[in-house]
Amino acid sequence: MWDFAGRDTAIDLGSATVRMHVRDRGVVCREPSVLARCRRTGRILALGSPARDMAGRNPDVTLVRPIREGAPTETDEAEYLMRYLVRKHHRRHYTARPRLVVTVPSGLTSVHYRALQLSAYQAGARRLTLVPTPIAAAIGMGLTSSARPEVAVVADIGADVTDVGVISFGGLVTSHTAHVGGSALDRAIVAMVRREHNVTLSVSAAEAAKLEVGAVPPLGRRPVRQTVVHGRDLATGMPREIVLTTVDVGRAIAGPVAEIVEAVRAGLAGCSPEIAGDLLGVGVTLTGGSARLPGLERLIRERTGLTARIGDDTGDAAVLGAGEVLRSARSQEPPARESSPRPQLLTTVPEFEH
Numbered sequence: 001m002w003d004f005a006g007r008d009t010a011i012d013l014g015s016a017t018v019r020m021h022v023r024d025r026g027v028v029c030r031e032p033s034v035l036a037r038c039r040r041t042g043r044i045l046a047l048g049s050p051a052r053d054m055a056g057r058n059p060d061v062t063l064v065r066p067i068r069e070g071a072p073t074e075t076d077e078a079e080y081l082m083r084y085l086v087r088k089h090h091r092r093h094y095t096a097r098p099r100l101v102v103t104v105p106s107g108l109t110s111v112h113y114r115a116l117q118l119s120a121y122q123a124g125a126r127r128l129t130l131v132p133t134p135i136a137a138a139i140g141m142g143l144t145s146s147a148r149p150e151v152a153v154v155a156d157i158g159a160d161v162t163d164v165g166v167i168s169f170g171g172l173v174t175s176h177t178a179h180v181g182g183s184a185l186d187r188a189i190v191a192m193v194r195r196e197h198n199v200t201l202s203v204s205a206a207e208a209a210k211l212e213v214g215a216v217p218p219l220g221r222r223p224v225r226q227t228v229v230h231g232r233d234l235a236t237g238m239p240r241e242i243v244l245t246t247v248d249v250g251r252a253i254a255g256p257v258a259e260i261v262e263a264v265r266a267g268l269a270g271c272s273p274e275i276a277g278d279l280l281g282v283g284v285t286l287t288g289g290s291a292r293l294p295g296l297e298r299l300i301r302e303r304t305g306l307t308a309r310i311g312d313d314t315g316d317a318a319v320l321g322a323g324e325v326l327r328s329a330r331s332q333e334p335p336a337r338e339s340s341p342r343p344q345l346l347t348t349v350p351e352f353e354h
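What follows is the structure, encoded as structure tokens:
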């Protein structure tokens with residue numbers, strides 16, 4: 001009966017990208033978490049990549065980002081986003097009511113908790129479980145298996161949020177959430193180009209430059225690369241192209257990168273002395289879309305004294321871990337609990353079958 005209502009589904013509601021995992025199908029969706037809405041009628045015109053392509057090109061379209069800092073800020077739009085994805089990837093229009101696991105920042109406020117709860121149930125969830133992103137990412141990368149050390153440190157660096165969690169004996173010992181991420185790097189590049197070249201760039205152009213030539217200074221043996229970006233000259237109003245090098249981008253993003261590193265340090269500062277000794281052996285595992293910025297792991301190692309490594313499947317780690325939580329919960333919970341309408345906040349790692 002419950003399979004007919006919908007397969008178990010895990011969603012990673014990122015501020016830049018929403019990912020969905022469906023039981024027995026794997027990750028089925030990696031879509032930009034944006035909606036295109038008509039200014040005159042308020043009607044939703046597109047979702048995901050088509051909506052992003054409309055931004056700045058159609059004067060009658062406004063771009064809506066319903067997920068900010070890892071939580072819904074536009075409840076109706078977040079509900080529409082989740083409902084559309086659930087129905088599309090379950091191949092049903094109205095009958096899909098899956099058990100849902102959603103990743104959330106470890107510092108989720110009560111207001112955002114209620115907003116997410118409302119959006120998920122309105123989108124069709126018959127049961128909701130919320131998993132802190134560091135726990136989900138640790139599960140997704142296999143850091144909580146019996147073959148691993150008992151302590152794991154995960155720093156999830158997303159678009160708007162850097163979420164750092166220390167996990168020990170299956171529970172979240174300490175965590176720290178900072179409102180800085182990849183989008184702050186993009187805004188810093190836009191500000192630098194405007195200040196030094198008197199040219200305004202789009203955020204998408206700044207993001208493309210960051211992905212192509214971005215790196216954390218000093219560069220060391222890395223070659224200095226360059227890229228051409230196009231913007232609008234503020235003096236003449238005409239299109240203009242400028243060349244950005246790795247040095248330029250590194251200088252622009254130095255401030256936000258320092259905030260990310262400080263967030264990692266703050267997340268480690270709350271550990272007890274007993275756990276602090278174990279951290280020297282396990283180090284910090286970086287995940288999230290912005291974790292692959294070249295040189296970031298070296299800077300974290302220099303500032304914290306702990307080894308830092310980039311985890312496998314950094315973008316999908318959280319949603320894969322959330323899907324594993326669903327698989328384990330399905331095998332352990334009695335059928336009578338399936339219909340429970342009360343959302344559950346999971347702060348411990350469930351026991352997995354090995």
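In full-length UniProt numbering, the protein residues as written are 1 to 354.
Using N, Cα and C, we set each Cβ at its ideal position, and we do this for glycine too.
Nearest to residue i (by Cα), restricted to the options the options
i	options	result
residue 31	84, 60 and 25	84
residue 7	88, 291 and 223	88
residue 228	282, 213, 275 and 29	213
residue 128	278, 109, 97 and 319	97
residue 279	208, 174 and 179	174
residue 264	234, 297 and 9	297
residue 125	199, 82 and 236	82
residue 303	241, 269, 58 and 240	269
residue 248	262, 210, 235 and 132	210
residue 197	224, 225, 223 and 230	230
residue 324	171, 131, 271 and 190	131
residue 193	234, 172 and 170	234
residue 261	299, 275 and 171	299
residue 141	28, 284, 306 and 25	284
residue 171	207, 306, 275 and 24	275
residue 56	305, 73, 236 and 37	37
residue 163	75, 206, 103 and 205	103
residue 28	169, 271, 250 and 86	86
Own chain partners of residue i with C-beta closer than 6 Å, once the 5 adjacent residues on each side are dropped
i	result
residue 203	186
residue 79	119, 122 and 123
residue 3	Residue confidence is low: residue 3 scores 46 on pLDDT, short of 50, so the model does not pin down where it sits. Its coordinate-derived value is still stated next. Closer than 6 Å at Cβ, skipping near neighbours: no residue.
Own chain partners of residue i with C-beta closer than 7 Å, once the 5 adjacent residues on each side are dropped
i	result
residue 188	252, 253, 255 and 256
Straight-line gap, residue i to residue j (C-alpha atoms, nearest Å)
i	j	result
residue 46	residue 290	26 Å
residue 119	residue 19	16 Å
residue 165	residue 106	8 Å
residue 62	residue 49	14 Å
residue 43	residue 67	18 Å
residue 282	residue 153	8 Å
residue 12	residue 151	24 Å
residue 99	residue 314	25 Å
residue 232	residue 238	6 Å
residue 137	residue 319	7 Å
residue 113	residue 51	27 Å
residue 340	residue 9	Residue placement at residue 340 is flagged as unreliable, the pLDDT there being 45, under the threshold of 50; a coordinate-derived value is accordingly withheld.
residue 143	residue 26	20 Å
residue 195	residue 139	43 Å
residue 311	residue 292	9 Å
residue 109	residue 21	25 Å
Helix, strand or coil at residue i [DSSP, three-state]
i	result
residue 141	coil
residue 98	coil
residue 126	coil
residue 231	strand
residue 56	coil
residue 36	strand
residue 26	strand
residue 109	coil
residue 19	strand
residue 320	helix
residue 172	strand
residue 68	strand
residue 218	coil
residue 165	strand
residue 203	helix
residue 291	coil
residue 223	coil
residue 13	strand
residue 236	coil
residue 195	helix
residue 31	strand
residue 73	coil
residue 43	coil
residue 159	coil
Residue j beta carbon less than 8 Å from that of residue i
i	j	result
residue 159	residue 182	yes
residue 273	residue 215	no
residue 134	residue 167	yes
residue 116	residue 184	no
residue 266	residue 176	yes
residue 101	residue 317	no
residue 60	residue 91	no
residue 375	residue 244	The question about residue 375 has no answer, for the chain in this structure spans 1 to 354.
residue 258	residue 286	no
residue 242	residue 199	yes
Close-in-space but distant-in-sequence residues of the same chain around residue i (CB under 8 Å, 5 per side omitted)
i	result
residue 15	33, 65, 67, 68, 69, 70, 158, 159, 160, 161, 181 and 183
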